[in-house]
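Note sheet for the following structure.
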Amino acid sequence: MTKPEAEQIASAMTMIRPDWLRVSLLTILAKHQHRPARDVMLALVWIAYDPDTQAPGRINADGPWWQAGRLAATETDARPAYLTAARCGRHGDTEPCLHCQREDRGPVANLDTIRRLRAEARTQHTEGDPA
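Letter by letter, the sequence shown follows residues 0 to 130 of numbering that gives the first Met the number 0.
In structure tokens:
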């Protein structure tokens with residue numbers, strides 16, 4: 000999804016949900032720039048009309064809204080190449096799937112873990128332990 004597409008989607012969504020701020024939508028859309036604009040728009044429309052949705056950040060969760068693009072498509076659609084690119088079997092994203100890459104990387108170190116590792120390294124250094 001390009002920046003102009005994201006801006007158009009954000010503007011359209013504020014018409015459906017005036018309580019959603021355009022700037023907030025643009026921040027959320029930046030996290031999904033790897034996805035086709037069509038899929039993001041359909042997902043946002045889905046959650047905007049869902050009565051359980053309080054905020055647009057719900058789009059960040061896995062949910063049935065990410066399948067809306069696939070359900071709306073037909074085999075006879077004349078679609079750009081980026082929409083027919085290989086898709087991740089687990090998440091439905093265009094390959095390379097950023098969700099899978101994050102999962103393969105493992106958990107992100109938090110501040111407590113970093114502090115603990117630094118303290119251990121200092122202790123080993125002051126004790127002269129080469130390990």
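All residues carry an ideal CB built from backbone N, CA and C; glycine is no exception. Note that the structure is a prediction, hence the values are computed from the model and not measured.
Ordered along the chain, which non-local residues of its own chain (more than five positions away) have a Cβ less than 7 Å from that of residue i?
| i | result |
| --- | --- |
| LYS30 | ASN59 |
| ILE8 | LEU28, ALA36, VAL39, MET40 and LEU43 |
Does DSSP put residue i in a helix, a strand or coil?
| i | result |
| --- | --- |
| ARG115 | helix |
| ARG16 | coil |
| ARG37 | helix |
| ARG89 | coil |
| ALA11 | helix |
| ASP49 | coil |
| PRO106 | coil |
| ALA54 | coil |
| CYS96 | coil |
| GLY68 | helix |
| ALA60 | coil |
| HIS31 | coil |
Under the assumption that residue i contacts residue j (Cβ atoms under 8 Å), give the Cβ distance between them as a whole number of angstroms.
| i | j | result |
| --- | --- | --- |
| ARG57 | ILE46 | 5 Å |
| MET156 | LEU28 | A question about residue 156 goes unanswered here, because the residues of the chain that appear run from 0 up to 130. |
Which same chain residues end up closer than 8 Å to residue i when comparing Cβ atoms and leaving out the 5 residues on each side of it in sequence?
| i | result |
| --- | --- |
| THR13 | TRP19, LEU20, ARG21 and LEU24 |
| ALA11 | MET40 |
| MET48 | For the sequence presented, residue 48 should be read as Tyr rather than Met. Closer than 8 Å at Cβ, skipping near neighbours: ILE15. |
| PRO50 | none |
| LEU97 | HIS33 |
| ASP61 | HIS90 |
Verify the CB distance criterion: does residue i have a CB-CB separation below 7 Å to chain B?
| i | result |
| --- | --- |
| HIS31 | As a matter of chain content, chain B is missing from the structure shown, which is built from one protein chain. |
Tell me which same chain residues have a C-beta within less than 6 Å of the C-beta of residue i, skipping the five on either side of it?
| i | result |
| --- | --- |
| GLN32 | MET0 |
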